[in-house]
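*Asks:* Position one of the sequence shown corresponds to residue 34 (this note's numbering), numbered consecutively onward.
Here it is: the structure, laid out below.
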Amino acid sequence: MVVSDRDWLSSLSYAHSTSDLDLLNARCAWALEHLERGRLQVAHLYLVVHVSPQISLERRHHRLQPGHPWSTAEGVERLADFYANPVTALASHHAPLAQTLDGARWVHLDGNRPVHEVVAAITTHLEPVAR
34 MVVSDRDWLS
44 SLSYAHSTSD
54 LDLLNARCAW
64 ALEHLERGRL
74 QVAHLYLVVH
84 VSPQISLERR
94 HHRLQPGHPW
104 STAEGVERLA
114 DFYANPVTAL
124 ASHHAPLAQT
134 LDGARWVHLD
144 GNRPVHEVVA
154 AITTHLEPVA
164 R
């Protein structure tokens, strides 16, 4: 089992959070090409931890960078919109890629709870996969 908090979807979520449609379309084309060539894979399970923009910014206050979209409430809101339903977010930009992601298992968790509760929820979902 491989657990990662970043994969190729991060490049798509970043592009979506900037509202730069040319960047998003280019990254979608790149991702589909690499998926088709076997250089990328769709995960068996995506655990998406949803956190309000305010809590996200508070938890990451020491890592915020001026100019980065994830350092503003608006950018984090666009990021949250993407991860709420990546298939829907991508469908109008790149339908074949959205269809590829539609077969993945998506589990959405409330990340606004205390960190130890979020970790426990993540562990609960990963334990059956690890067996």
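Glycine included, C-beta positions come from ideal geometry on N, C-alpha and C.
These figures come from a predicted structure and were not determined experimentally.
Below 8 Å on the Cβ atoms is my contact criterion, and I expect Pro-102 with Thr-51 to pass it. Report the Cβ-Cβ distance as a whole number of Å.
*Replies:* That belief holds up - the Cβ atoms of Pro-102 and Thr-51 are roughly 5 Å apart, short of 8 Å.
*Asks:* On a CA-only basis, which of Ser-125, His-95 and Asp-135 is nearest His-49? Give me that one, please.
*Replies:* The shortest Cα separation from His-49 among Ser-125, His-95 and Asp-135 belongs to Ser-125.
*Asks:* With Trp-177 as the anchor, note down where its beta strand (DSSP E) starts and where it stops.
*Replies:* One cannot answer for residue 177 here, as it falls past the ends of the chain, which runs 34 to 164.
*Asks:* Return helix, strand or coil for Leu-78, following the three-state DSSP convention.
*Replies:* Three-state result, Leu-78: strand.
*Asks:* Could you give the residue range of the alpha helix (DSSP H) that holds Trp-41?
*Replies:* Here the alpha helix (DSSP H) through Trp-41 covers 41-51.
*Asks:* Which runs of the alpha helix (DSSP H) spanning at least 4 residues fall entirely within the stretch 66-131, listed in chain order?
*Replies:* Entirely contained in the stretch 66-131, the alpha helix (DSSP H) runs reaching 4 residues are, in chain order, 86-92, 106-117 and 119-124.
*Asks:* Touch check for the stretch 129-146 and the stretch 80-95: three-plus C-beta pairs under 8 Å?
*Replies:* Touching, per the Cβ criterion.
*Asks:* Should His-95 go down as buried or exposed, given a rule of 16 or more other Cβ atoms within 10 Å for buried?
*Replies:* With fewer than 16 Cβ atoms within 10 Å of its Cβ, His-95 is classed as exposed.
*Asks:* Mapping the DSSP letters down to three states, classify Val-36 as helix, strand or coil.
*Replies:* Of the three classes helix, strand and coil, the one that applies to Val-36 here is coil, per DSSP.
*Asks:* In whole angstroms, what separates the C-alpha of Arg-93 from that of His-127?
*Replies:* Spanning the two alpha carbons is a distance of roughly 31 Å.
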